[in-house]
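Colleague: Numbers 1 to 301, taken from full-length UniProt numbering, label the letters of the sequence shown in order. One structure follows; several queries about it will come next.
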Amino acid sequence: MHRRDFTDSAGKPSYGSGTALPTDSLDIDRWRSPGNVPGMPEFVTLETSDDAPGVGTILLNRPPMNALNRQLQRELLEVAREATVRDDIRAVVLYGGPKVLAAGADIKEMNDMSFAEMSKLAGDLQEGLGALSTIPKPTVAAITGYALGGGLEIALAADRRIAGDNAKLGVPEILLGVIPGGGGTQRLARLIGPSRAKDMVFTGRFVGAEEALSIGLVDEVVAPDDVYTAAVAWAAQFSSAAAVALAGAKAAIDQGLDTDLGTGLKIERQVFASLFATEDRAIGMTSFIENGPGKAEFTGE
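Printed below as a string of structure tokens:
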């Protein structure tokens, strides 16, 4: 039987029965860069490492379960914007630590909100996740443990999802008398189709890693201890790739999904033609002619 819990601000299960979600603190220190100083975001940071140049990790750190309160949502927007503009970051990993991506919204904080307050909060969450989804670089969600509600919506904002074989994913908002509010009804249906999305949203059930893989909700399943390493390895392959072309490819695919085929083809044609004005296009084609495929050294210009 599937567990159907969100958490309150203390990280405790707020409804349901069965085995409780883990509530031990995340072993987060080894993932943080030493450059963090007071005044920086408290719950969401953008980390880099000399071991994986060009890869930035958007790290959630609000133990025990990374519940998405208002502050975390604001910081998510700020950090997504930072990842967008930083030239030293060519690809992005979304990560919540070795135990959990995020186990959903902060229910205690939401419980007494008015219609007007919740309208603004949902707008803020959608803005933050929208900023994640439009980072003009390859993004991958490293899903450890639970990705529920807003946690799954974070993963849905990525281009790729890698999950541990013990991961549980779901959108259990229906069990609170509401529906997903951070893009869960929209991005989920676009990813796995409306019928499967409705099953998940209507029932609020949890989906295990293997089922998630079979329905296209995640793209790769690995051992829990290998999730972050696998995500970084996928992202690292783009550290010296043609950054402008990657951004164009992402925009063409994502924008094309929201329109008809004819309009999508026009978008593709415009992006394709525009890349002939870039330095990377000249480098790539010249290198191909002179040295063969796969040997170009792109500048990102």
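All residues carry an ideal CB built from backbone N, CA and C; glycine is no exception.
In three-state terms, what does DSSP make of I289?
Modeller: If DSSP states are grouped into helix, strand and coil, I289 belongs with the helices.
Colleague: How many angstroms separate the CA atom of E117 from the CA atom of A155?
Modeller: Going from the Cα of E117 to the Cα of A155 covers about 25 Å.
Colleague: Among V92, T45, R70, which one has its Cα closest to the Cα of P236?
Modeller: A quick correction: the sequence has Ala, not Pro, at residue 236. Here the closest residue by C-alpha is V92.
Colleague: Quick check on the DSSP output: what are the complete beta strand (DSSP E) runs of length 3 or more inside the stretch 134-219, in order along the chain?
Modeller: Counting whole runs of 3 or more residues, the stretch 134-219 contains the beta strand (DSSP E) stretches 139-143, 146-148, 160-164, 168-170.
Colleague: Considering only residues of the same chain and omitting the five flanking positions on each side of A167, which have a CB-CB separation below 6 Å?
Modeller: Closer than 6 Å at Cβ, skipping near neighbours: I143, A209.
Colleague: Just the C-alpha distance for G294 and G300, rounded to the nearest angstrom, thanks.
Modeller: So the alpha carbons of these two residues sit roughly 16 Å apart.
Colleague: From R30 to G97, what does the alpha carbon distance come to, in whole angstroms?
Modeller: Bear in mind that the predicted position of R30 carries a pLDDT of just 35, short of 50, making it too unreliable to give a figure here.
Colleague: Helix, strand or coil: how does DSSP classify V100 here?
Modeller: Of the three classes helix, strand and coil, the one that applies to V100 here is coil, per DSSP.
Colleague: In terms of residues, what are the limits of the beta strand (DSSP E) holding E75?
Modeller: From DSSP, E75 is part of no beta strand (DSSP E) but of the alpha helix (DSSP H) over 70-85.
Colleague: Compute the Euclidean distance between the alpha carbons of A231 and R190, then round it to the nearest angstrom.
Modeller: Those two C-alpha atoms are separated by around 22 Å.
Colleague: With respect to the beta strand (DSSP E) encompassing I58, which residues constitute its N-terminal and C-terminal limits?
Modeller: Segment 55-60, the beta strand (DSSP E) holding I58.
Colleague: At what residue ranges does the stretch 229-262 contain a whole run of the alpha helix (DSSP H), taking only runs of 4 or more?
Modeller: 243-257, all fully within the stretch 229-262.
Colleague: Please determine if the stretch 64-79 and the stretch 37-56 are in contact, where contact requires at least 3 C-beta pairs separated by less than 8 Å.
Modeller: With a cut-off of 8 Å, the stretch 37-56 and the stretch 64-79 count as touching, because enough Cβ pairs lie within range.
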